[in-house]
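Asks:
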Amino acid sequence: MKIARVNVNTEDTIYEEISENSKYFLLGGRGLSSRIIADEVPPLGDPLSEKNKLIIATGLLTGSPFPCSGRTSVGGKSPLTGGIKEANVGGRPSIMLASFGIRALVLEGKSPKLKFMFIDKEGIKFDSAEKHEGSGNYQLYKDLYKKYGKRIGIYSIGPAGEHLMKAASVAANDIEGYPSRHAARGGLGAVMGSKKIKAIIIFPSKSSEVRISDRKKFREVLKPFAIELAESKKNFSIYGTPNMVRGINAYGGLPTKNFRMGSYDKAIEISGEKLHELVTARGGRKRVPCSPTCVIKCSNIFVDEKGKHLTSSLEYETIFANGSNLLIENLDHIARIDHLCDDVGIDTIEFGVTMGVAMDAGEIPWGDAERVFELLREIRKGSEIGKIYGNGVCHLGENLNYKRIPHVKGQGISGYDPRVFKAMSITYATSPMGADHTSGAAIPGRVASQTKDYGELTENKGKLDLSYELQLYTAVLDSMGCCYFIGPSWENMEIITGALNAMYNIDLKREDVLKIGKQIIKNEIEFNDKAGISQDVNDLPPFFREESLESKDLIVTFSKKEFQNFWQKLDE
Ligand code: SF4
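In this note's numbering, the protein residues as written are -13 to 558.
(1) Which residues have a Cβ closer than 6 angstroms to any heavy atom of the ligand SF4, listed in chain order?
(2) Distance, Cα to Cα, LYS568 vs GLU301?
(3) Taking just the CA atoms, how far does TYR414 sit from GLY173?
(4) Do ASP160 and ARG171 have their CB atoms nearer than 9 angstroms?
(5) Measure the Cβ-Cβ separation of GLY175 and ILE332 and say whether it is below 9 angstroms.
(6) How big is the Cα-Cα spacing for ASN(-7) and MET178?
(7) Taking only runs that begin and end inside the stretch 347 to 422, name each unbroken alpha helix (DSSP H) of 4 or more residues, in chain order.
(8) Counting C-beta neighbours from all protein chains within 10 Å, is the total for ASP464 16 or more, i.e. buried, or is it exposed?
(9) What runs of the beta strand (DSSP E), each 3 residues or longer, lie entirely inside the stretch 74 to 154?
(10) In the stretch 273 to 352, which residue ranges form an unbroken alpha helix (DSSP H) of at least 4 residues, counting only runs that do not cross its ends?
(11) Please state the DSSP three-state secondary structure of VAL(-8).
(12) I need the DSSP call for LYS209, collapsed to helix, strand or coil.
(13) From which residue to which residue does the alpha helix (DSSP H) around GLY426 run?
(14) What is the C-beta distance between ASP339 and PRO392, in whole angstroms, given that I count them as a contact (C-beta under 8 angstroms)?
(15) If you draw a straight line from the alpha carbon of ILE335 to that of THR304, how long is it in whole angstroms?
(16) Report, in whole angstroms, the separation of the C-beta atoms of PRO53 and VAL281, which I expect to be a contact under 8 angstroms.
(17) What do you get for GLY431, buried or exposed, if any count of 16 or more other CB atoms within 10 angstroms of its CB means buried?
(18) Quick check on ALA517: does DSSP put it in helix, strand or coil?
(19) With DSSP as the reference, please indicate the residues paired to ARG271 in a beta bridge.
(20) Would GLU445 be called buried (16 or more neighbouring beta carbons within 10 Å of its own) or exposed?
(21) Which of the three DSSP states is assigned to LEU40 in this structure?
(22) Helix, strand or coil: which one does DSSP assign to MET178?
(23) How would you call ASP422, buried or exposed, if buried means at least 16 neighbouring beta carbons within 10 angstroms?
(24) Would DSSP call TYR454 helix, strand or coil?
(25) Taking just the CA atoms, how far does ILE234 sit from GLY248?
(26) If you follow the alpha helix (DSSP H) that ILE482 is part of, which residue opens it and which one closes it?
(27) On the three-pair Cβ rule with 8 angstroms, is the stretch 263 to 270 touching the stretch 282 to 296?
(28) In chain order, what residues of the same chain lie with their CB nearer than 8 angstroms to the CB of SER114, ignoring the 5 residues before and after it?
(29) Only counting the same chain, and skipping five residues up and downstream in sequence, which positions put a Cβ closer than 6 angstroms to that of SER400?
(30) Cα separation between PRO474 and LYS117?
(31) Kindly say whether ALA321, judged by its beta-carbon, lies nearer than 9 angstroms to any beta-carbon of chain C.
(32) Indicate the three-state DSSP secondary structure (helix, strand or coil) for GLY239 in the structure shown.
(33) I'd like the list of long-range same chain contacts for THR483, defined as Cβ closer than 8 angstroms, with 5 residues on each side in sequence excluded.
(34) Helix, strand or coil, according to DSSP, for GLU2 in the structure here?
(35) For GLU445, does the three-state DSSP call read helix, strand or coil?
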């Protein structure tokens, strides 16, 4: 496998083989992108300058049949947080990239003109994308399929990325071909926009350069794991992530009305059960895999009353951010917001949290979906008002001089109120990525080891360990190219170790794999430190300590010191 360093201005590519002696050996996905950023990107530089790099990395297991291993890590210095960033995404292109032997694309420099980048067996080429300037992702994909056929893989940006908005995403096409998967968090779409790359188009290859040293051993590891995953996640497959709406609401931790409440009296209207009912009645689809090796298949295709595709996949995070958080109770309206965000190329979480603050500050009436649609049209145009709402929740807060902002390190908080979900409060406060639930998602019922007691959901007991272990194991999964729904756990680290050993003909122990995870987080912390985001910044906004949730009488109970000292464990 190799790294392709692409200068987007000169259009030259330098390939770097990853041999066993390479410093990049056994680094993939987030591990590889974070290492390259830490080594090569100036921590104090402007994220939109040519000195920043956009890394598009496949995982160590990507291209193999290992379950749910087809994800891409997109990395760079984040325009939103100013720190290191990795956002990962499913879809079609990651396995296609790996099949050409590419572990990572490193986009360097800055092009003066909007371009497409093409990858095929001949190498990497460019062409003008100026005719597609301002194009939404949906139209862009239609045009690209018409010209290059339906089997291509695509990473792209929408107008928000072209306008360099700090909440802009990098889109990827799903198996059906829709631009529905997004490396959404942290504004990496703006980094791609700053390099003037509208899309990276990957042609299908006839064979794959991904090699598995010991196929028999590899099969012995993955087969029982894949069967167990498919069986244990059956319910999750049927209802998908929206299945959590009712549960999180019942716990009193469903962010509602800009995190002023933890439960929504209309939660049933935006629940997984309601979504299931609508999708089934209208002829949409459930149990959809977002990328080829997925065995869980948690995605859905949401159609309108006439059976026409509206969005895919409608997820819990989008539903909370643009539903309960805004008091929008209509799933069709939320699906429309999701479609527009995907088309414009903007993070649905950051956007919804931004709208929540706008409504809280009295700029927009609560529940006004029409106004939300209008603002997405302004973001598409790149108008002055669009820029106010497309640059993240802190940017809006500064603009309105409004202080009650649910964010950590400049990134909007996602769909689990940190006053209720104690381990999640730690993950939000301490992740080098900012308020990112995916970096250590301590959702109800999740444990990091089957044999340990992590205490009750709303008590502090055991939660420092839980968040630490989940964050560590997730860093490992993110480096494998694996979806975190396979489970960041002590037990699964053994499965990953077995798969790596069989694939790369090595003899690692579980502890060695965990060392890789620890080093990833150390690299990220070190970069952030140099970028001025020290461990002192680890905290949640004061209102989470001052305002108890009316239904639960709960506040954030970990001290700032506990958050600041959290990562000392990495050196133990
Ligand atoms: S479990 Fe869901 S998010 Fe993960 S790879 Fe499968 S479809 Fe995609």
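Backbone N, C-alpha and C define an ideal beta-carbon position, used for all residues, glycine too.
Replies: In terms of the structure at hand:
(1) CYS54, GLY76, PRO275, CYS276, SER277, CYS280, ILE282, LYS283, CYS284, SER285, CYS469, PHE471
(2) Residue 568 lies beyond the residue range present for the chain, which begins at -13 and ends at 558; the question has no answer from this structure.
(3) Translated into positions along the sequence shown, residue 173 becomes position 187. Translated into positions along the sequence shown, residue 414 becomes position 428. Their backbone Cα atoms lie some 18 angstroms apart in a straight line.
(4) Your numbering for residue 160 matches position 174 in the sequence shown. Your numbering for residue 171 matches position 185 in the sequence shown. No.
(5) Start at 1 with the first residue of the sequence shown, and residue 175 comes out as number 189. Start at 1 with the first residue of the sequence shown, and residue 332 comes out as number 346. A contact, by the Cβ cut-off of 9 angstroms.
(6) Here residue -7 corresponds to residue number 7 of the sequence shown, with the count starting at 1. Here residue 178 corresponds to residue number 192 of the sequence shown, with the count starting at 1. Their backbone Cα atoms lie some 13 angstroms apart in a straight line.
(7) 355 to 367, 370 to 376, 379 to 386, 408 to 416
(8) The count along the sequence shown starts at 1 and reaches residue 464 at position 478. Flag for ASP464 reads buried.
(9) 88 to 94, 101 to 106, 109 to 114, 139 to 142
(10) 302 to 308, 317 to 330, 334 to 346
(11) Here residue -8 is taken as the residue at index 6 of the sequence shown, counted from 1. Strand.
(12) Locating residue 209 in the sequence shown gives position 223, counting from the first residue. Of the three classes helix, strand and coil, the one that applies to LYS209 here is helix, per DSSP.
(13) As a first step, residue 426 is located in the sequence shown; it is residue number 440 there, counting from the start. Counting along the chain, GLY426 falls outside any alpha helix (DSSP H), and DSSP gives it neither H nor E.
(14) On the sequence shown, residue 339 is found 353 positions in, with the first residue counted as 1. On the sequence shown, residue 392 is found 406 positions in, with the first residue counted as 1. It is worth fixing the name first, because residue 339 is Val in this sequence and not Asp. Right, the Cβ-Cβ distance comes to about 6 angstroms (below 8 angstroms), so this counts as a contact.
(15) Mapped onto the sequence shown, residue 335 falls at position 349. Mapped onto the sequence shown, residue 304 falls at position 318. Rounded to the nearest angstrom, the two C-alpha atoms are 6 angstroms apart.
(16) Mapped onto the sequence shown, residue 53 falls at position 67. Mapped onto the sequence shown, residue 281 falls at position 295. That pair is a contact at about 5 angstroms.
(17) Within the sequence shown, residue 431 is the residue found at index 445, counting from 1. Exposed is the call here.
(18) Start at 1 with the first residue of the sequence shown, and residue 517 comes out as number 531. ALA517 falls in the coil class under three-state DSSP.
(19) Reading the sequence shown from its first residue, position 285 is the one you call residue 271. Note: ARG271 sits in a beta bridge opposite ILE287.
(20) Translated into positions along the sequence shown, residue 445 becomes position 459. It is exposed - the Cβ of GLU445 has fewer than 16 other Cβ atoms within 10 Å.
(21) Translated into the one-based positions of the sequence shown, residue 40 becomes position 54. In this structure, LEU40 counts as strand in the three-state DSSP scheme.
(22) For the purposes of this step, residue 178 is identified with residue 192 of the sequence shown, where counting begins at 1. MET178: helix per DSSP, three-state reduction.
(23) Counting from 1 along the sequence shown, the entry for residue 422 is found at position 436. Classification of ASP422: buried, given that the 10 Å Cβ count is 16 or more.
(24) Reading the sequence shown from its first residue, position 468 is the one you call residue 454. Note: TYR454 maps to helix in three-state DSSP.
(25) Along the sequence shown, read from residue 1 onward, the residue named residue 248 stands at position 262. Along the sequence shown, read from residue 1 onward, the residue named residue 234 stands at position 248. Spanning the two alpha carbons is a distance of roughly 9 angstroms.
(26) Reading the sequence shown from its first residue, position 496 is the one you call residue 482. Counting along the chain, the alpha helix (DSSP H) containing ILE482 begins and ends at 476 to 490.
(27) yes
(28) Along the sequence shown, one-based indexing puts residue 114 at 128. Excluding sequence neighbours, SER114 sits near LYS99, LEU100, LYS101, PHE102.
(29) Translated into the one-based positions of the sequence shown, residue 400 becomes position 414. Taken in chain order, the residues that qualify are GLU303, ILE335, HIS423.
(30) By one-based count along the sequence shown, residue 474 stands at place 488. By one-based count along the sequence shown, residue 117 stands at place 131. Between PRO474 and LYS117, the C-alpha separation is close to 44 angstroms.
(31) Looking at the structure shown, chain C is missing, and only one protein chain is on hand.
(32) Locating residue 239 in the sequence shown gives position 253, counting from the first residue. Residue state, collapsed to three classes: coil.
(33) Working through the sequence shown from its first residue, we reach residue 483 at position 497. Counting only Cβ-Cβ distances below 8 angstroms, and skipping sequence neighbours, we find LEU494, LYS495, ARG496, ASP498, VAL499.
(34) Here residue 2 refers to the residue found at position 16 when the sequence shown is read from its first residue. Note: GLU2 maps to strand in three-state DSSP.
(35) Counted from its first residue, the sequence shown places residue 445 at position 459. Correct three-state label for GLU445: coil.
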